[in-house]
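So the structure is just underneath, and the comments pick up after that.
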Amino acid sequence: MSTKRPRVPPVLWRLFHNRARTLGHTILSLVPSKTSTNCLCKGRQCLGCVGENGATSFLIREKDSDDYRKLLNKCFVVLSDSTPPLHVYDPHCRWSHLELVRRTIEMTIIEQPNNVICSGYDKMSRFSDIVELLTSPAWSLLLKRIGDVLMVYLLKNTSIFFRLPRNKHRQVAGVPICDLRRKSLLHVSATTYKPSLLHPVYCYSQNLGKREV
């Protein structure tokens, strides 16, 4: 994982400041430290018991693909102040990746219907473009490294901004950033407010519009 602090996209910095961190740093900050003797991996070694010094090298390894490295270092995640802590870390993977993402979205539709992760989800086919993004080979490798519990925690409790070409990001989970941006703009004077920067639909660039950053 890159040791240099990545530059947070300006829109995310204005809204969230230091709470916007890379996916890799967010994961490392969430996992409670344990020793191998009391870890649920039963001594096989996992992200939860390798220790602070070994966690980074466990999460990302020398032969990992560029796509996986970009996922950890270029995808940004925001935890809200009300996000519950992760009390128990379980490294096991009990579900297929596709089924885990589908079930998480279906739970979220009931609990948080406004969450971006629910956007465009077809209940009949159990598919959406967000499902496709979240089940890429890079995300599948991440699931193997962190386990079901932490993956579901991230998808349900955080805002996730996925890296796109040309230094843009698309929001794939969390409260729509457009909603947060509108609230923020209420505090901006009429002389500096620019309605043209706000797109009514679904993605934004660094000026903000849709849910692409």
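FYI, the numbering for the sequence shown is 1 to 213, going by full-length UniProt numbering. Using N, Cα and C, we set each Cβ at its ideal position, and we do this for glycine too.
Just the C-alpha distance for residue i and residue j, rounded to the nearest angstrom, thanks.
i    : j    : result
R126 : Q112 : 17 Å
K144 : I60  : 12 Å
F162 : S57  : 22 Å
C49  : R182 : 42 Å
S189 : P84  : Note that S189 has pLDDT 43, beneath the 50 cutoff, so the model's placement of it is unreliable and the number below is only indicative. Cα to Cα, the separation comes out at about 35 Å.
D81  : D64  : 33 Å
R21  : P10  : 13 Å
I need the boundaries of the beta strand (DSSP E) containing residue i, first residue and last residue.
i    : result
T83  : T83 -> no beta strand (DSSP E), and no H or E assigned at all.
T22  : 20-22
L164 : 158-164
V175 : Element bounds for V175: n/a, residue is neither H nor E.
Within its chain, find whatever has a CB closer than 6 Å to the CB of residue i; leave out the 5 residues flanking it on each side and keep chain order.
i    : result
L30  : L86
H17  : none
Y121 : I105, S128
Do residue j and residue i have their beta-carbon atoms positioned less than 7 Å apart in this structure?
i    : j    : result
C75  : L15  : no
A173 : I117 : yes
V152 : T108 : no
Whose C-beta lies closer than 8 Å to the C-beta of residue i among residues of the same chain, with five residues either side of it excluded?
i    : result
D148 : D90, H92, C93, R94, W95, L100
Ignore the nearest five residues each way along the sequence and tell me which others in residue i's own chain have a CB closer than 7 Å to its CB.
i    : result
I146 : I27, L47
Output the boundary residues of the alpha helix (DSSP H) element that contains residue i.
i    : result
L9   : A small correction: the amino acid at residue 9 is Pro; Leu does not occupy that position in the sequence shown. Where P9 is concerned, there is no enclosing alpha helix (DSSP H), given that its DSSP letter is neither H nor E.
H92  : Per DSSP, H92 belongs to no alpha helix (DSSP H) and is neither H nor E.
N114 : Run containing N114: none; DSSP gives neither H nor E here.
Inset, instruction - Indicate whether the contact test is met: 3 or more Cβ pairs, each with one atom in the segment 85-92 and one in the segment 33-50, closer than 8 Å. - result: Touching, yes.
Legend entry - At least 3 beta-carbon pairs within less than 8 Å: the segment 94-114 vs the segment 157-168: Output reads no: the segment 157-168 does not touch the segment 94-114.
Legend entry - Cβ contact (3+ pairs, closer than 8 Å) linking the segment 152-160 and the segment 50-70: No contact exists between the segment 152-160 and the segment 50-70.
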